[in-house]
Amino acid sequence: MPRKRMGERTFAFKRPPYVWSSGSIVGDVEAAGPLGEKFDLVLEDDTWGEGSWEKAECKMFEHAVRIALEKCGLETEQLQCMLGGDLLNQIVTANYAARQLDVPFLGLYGACSTMAQALLLGSVLIDGGFLGNAACVSSSHFSTAERQYRFPLEMGTVSPPTAQRTVTGAGCTVLGAQPPESGGRNITTYNGVRVKEATLGKVVDMGILDAANMGAAMAPAAASTIMAFLRDTNRTPDMLDAIITGDLGVFGSEMLLELCDDEGIKLAGKHHDCGVMVFSPDQKLNCGGSGCGCPAVVLNAHILPRISAGEWRQVLFLATGALMSPTTSLQGESIPGIAHAVLIEKES
Amino acid sequence: MEKNKKAAQYQQRVKELAPKSKTAQMLIKAFLVGGLICCIGQAIRDFAQFTLKLPEKDVGTFTSIFLVFLGGLLTGLGVYDKIGKFAGAGSVVPITGFANSVVAPAMEHRSEGLVLGVCANLFKLAGPVLVYGVGSSIIVGLLYLWLG
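Protein chains in written order, with our numbering: chain A, 1 to 348; chain B, 1001 to 1148.
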C-alpha cells in the first residue's frame, strides 16, 4: 500500500500543508447573520456595481483571492496555483476570475463540495512537492443560482420549508508548504494550522427527487465520508473537536445524525453545519444556507480563525455537493450527493 | 436489491421527518390576498361600467388589461415577489400572477440582450399556460362545431 494512504480512501500527508491566510466576501443577507462581523468584506449592493450578477460573482471570487493573498504578503505572480470553482454552467465564475488574476489555474466542479475538493487537491499537490503554495477558492451568488436552478427573482413564489437559500459569498484559503512566516513574511493571520489528512468522497444517491430538499439528498454522502474517515483513521467522533459539514441545513443535519446513529456513531454535540451557522433562525430562511460559497465563507471567516486561536484543535471539515442539473431533475433523475473531507489541525 | 431497500427506507424516513408546509395558514393567506385582488378587479370593473360608461362587452377586457398592467408594474417595482412570498397561490392564480410570470423573466434576462435575452425568455414560464389555454380552446371549439 502507498505510504500516504490509510484504509479505503483517506490520505495522510507526510508534510502537512500550512494554512497561510483567508479571504471572505459576502452579501448583505449573510452579513445580517450571526457571523456577520467576521467577514472581510460585505457587499451593500448584490451587483457590486457590475452590469450583471454573474459579473458581480466573478468579482467576488477574484477579490476573495486578492484579500487572502494580501493577508499573507503574497503577490499574485508568486501564487503557484489557484484551485476552485462555483455553481454556474462551465464554472464561468472561476474561469473569468482566473482570467483577471492571470495565475496557473485548475477549475473544479464538485457543486457545493468544491471548497473541500479544492483543499484536498491543493494539499495533495503541496505535500507531493509540486507546489509551494496554492489558493483554494469557491463562490456562489443567490441571484445567479436562482436564475440557473430555480425561478426568476421577481417571480412571486413560496419556497417550501425544506428549501435553503444560496449564500452570496466567496471564500479563499491560501495553503503553503512552509510555515506562513517563512520567507521573511510578516504573517499575523494563522499560527500552526495544518491540513493533516483528507478523505475522498463517493457519489451516494438514495433516490431523493426533490430539488428543494438538498439537505436530505446530500446527508447520505456526508455520512458515508464521515464513516470512511473514522474507519480509515481508527478514530471515534470523541477524538475530534468538531465535525463540520458544508450546507446540509437544519433538516439535512438531522438526517445525517440519524444515518450515523444507525451505524452506532454518535455525532451529537460534535456536529455543526455551515448552512445552519451562516443565517439565524430569525431571518426565516427555511433550512439555512447552501451553495459553494456557504462552506467557503464560514470556513474562512469562522472555522479557521477558531482553530488558529486554539478553541478547536482538530476539525473534520467536509463540504457536501448535490450533483444534479435542472435538466436531469426534469428528466426525473434523483439527486446524487458527494462529500469530501479534510482534517484541519492546530499544531501543539 | 439491498441497496434499493435501503434507499426506499431512507426516502420514507425523509418523507416522515421533513418539515411540512403550514397548509391551513397558507390557505387563509391565499384566500385573503386572492380575494383582495378580485375585489380590486371588481372595483376596476365598476369604475369602467359606471364612471367611464364603457359598453358591457368592453368592461371585462378593460378590467383584464388594467389588472395585467398593475401586475407588471408591481413586478417591475420589486413588490410582487414579496406579495407572492406571503400569499402563495393567492397571487399566482389571478391574472396579475400571469403578468408577473411574464415580466419577471423579461427583467431577469435583460443582461443577455433584447432578442435572445428578453424576447426569447418572455414566455418561459407563461408559455405552458398559453399552449394549454390555446390548445384546449381549439378542442372545445371543434367540439362545438361538431355538436352544432
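Just so you know, even glycine gets a beta-carbon here, dropped at the ideal spot from N, CA and C.
* Per-residue DSSP class, three states only, for A:Ser159 -> coil
* Is B:Ile1028 close to chain A, meaning its C-beta is less than 8 Å from at least one C-beta of that chain? -> Output row for B:Ile1028: interface = no.
* Asked: Could you give the distance in angstroms between the alpha-carbon of A:Pro160 and the alpha-carbon of A:Met214?
  -> Each residue's CA atom was taken as its position, placing A:Pro160 and A:Met214 some 12 Å apart.
* Asked: Does the pairing of the region 1072-1083 of chain B with the region 1049-1056 of chain B give three or more beta-carbon distances under 8 Å?
  -> no
* Whether A:Cys112 touches A:Gly288 by CB criterion (8 Å) -> no
* Positions along the region 245-258 of chain A whose CB lies within less than 9 Å of some CB in chain B -> Val250, Phe251, Glu254, Met255, Glu258
* Partners in chain A for B:Leu1017, counting only beta-carbon separations shorter than 8 Å -> Simply Phe251, Glu254, Met255, Glu258.
* Using the C-alpha atoms, what's the distance from A:His272 back to A:Asp238? -> 14 Å
* Asked: Does DSSP classify A:Lys270 as helix, strand or coil?
  -> coil
* Asked: Rounded C-beta distance between A:Thr173 and A:Leu119? I'm assuming under 8 Å.
  -> 7 Å
* Asked: How would you call B:Asn1004, buried or exposed, if buried means at least 16 neighbouring beta carbons within 10 angstroms?
  -> Classification for B:Asn1004: exposed.
* Going along the chain, which residues of its own chain have a beta-carbon closer than 7 Å to the beta-carbon of A:Leu285, five neighbours each way excluded? -> Arg165, Phe279
* Where does A:Gly350 land, buried or exposed, given buried means 16+ other C-beta within 10 angstroms? -> For chain A, the structure presents residues 1 to 348; residue 350 of chain A sits outside this window and is missing.
* To do: With 7 Å as the C-beta to C-beta threshold (strictly closer), list the residues of the region 142-175 of chain A near chain B in chain order.
  => Arg147, Pro152, Leu153, Glu154, Met155, Gly156, Thr157, Val158, Pro160, Pro161, Thr162
* Asked: From A:Lys38 to A:Ile25, what distance separates their C-alpha atoms?
  -> 10 Å
* Compute the Euclidean distance between the alpha carbons of A:Gly129 and A:Val195, then round it to the nearest angstrom. => 15 Å
* How many whole angstroms separate the CB atoms of A:Leu101 and A:Gly84, which I take to be in contact at a CB cut-off of 8 Å? -> Actually they are not in contact, since the Cβ atoms of A:Leu101 and A:Gly84 sit about 11 Å apart, beyond 8 Å.
* Establish whether the CB of A:Ile208 and some CB of chain B are separated by less than 8 Å. => yes
* Asked: Could you give the C-beta distance for A:Thr225 and A:Ala296, rounded to a whole number, given that I count them as a contact under 8 Å?
  -> Not really, about 18 Å apart at Cβ, beyond 8 Å.
* **Contact belief for A:Pro336 with A:Met324 at Cβ below 8 Å, rounded distance in angstroms** => Right, their Cβ atoms sit about 7 Å apart.
* Could you tell me whether the region 40-50 of chain A touches the region 149-157 of chain A, using the rule of 3 or more Cβ pairs below 8 Å? => Output reads no: the region 149-157 of chain A does not touch the region 40-50 of chain A.
* **Between the CA atoms of A:Asn300 and A:Val65 - distance to the nearest angstrom** => 12 Å
* To the nearest angstrom, report how far apart A:Ala222 and A:Thr320 are at their CA atoms. => 6 Å
* Rounded to whole angstroms, how far is the Cβ of B:Ser1137 from the Cβ of B:Ile1095, which I believe are closer than 8 Å? -> In fact, because the Cβ distance is near 16 Å, the residues do not count as touching under 8 Å.
* Does any CB atom of chain B fall closer than 8 Å to the CB of A:Pro179? -> no
* If contact means a Cβ-Cβ distance below 7 Å, which residues of the region 1074-1086 of chain B contact chain C? -> Looking at the structure shown, chain C is missing, and the protein chains on hand are A and B.
* Roughly how many angstroms separate the alpha carbons of A:Ser140 and A:Gly169, rounded to a whole number? -> In this model, A:Ser140 and A:Gly169 are separated by some 6 Å (Cα to Cα).
* So what's A:Leu318 in DSSP terms, helix, strand or just coil? -> strand
* Residues of its chain near A:Arg235, where Cβ-Cβ distance is below 8 Å and the 5 sequence neighbours each way are ignored -> Counting only residues of its own chain and dropping the five nearest sequence neighbours on each side, A:Arg235 has a CB closer than 8 Å to the CB of Phe229.
* Asked: Does the Cβ-Cβ distance between B:Ser1101 and B:Ala1126 come in under 8 Å?
  -> yes
* Does DSSP put A:Glu181 in a helix, in a strand, or in coil? -> coil
* Where in the region 237-281 of chain A do unbroken runs of the beta strand (DSSP E), each at least 3 residues long, occur, reported from the N-terminal end onward? -> 242-245, 271-273
* Just mark A:Ala134 as buried or exposed, buried being the case when its beta carbon has 16 or more other beta carbons within 10 Å. => Buried: at least 16 other Cβ atoms inside 10 Å.
* Asked: B:Ala1008 to A:Ala309, Cα distance in whole Å?
  -> 44 Å
* Residue ranges of each beta strand (DSSP E) run of no fewer than 3 residues wholly in the region 1011-1072 of chain B, ordered along the chain? -> none
* Since B:Val1092 meets chain A, which of its residues come closer than 8 Å, beta carbon to beta carbon? -> Gly156, Thr157
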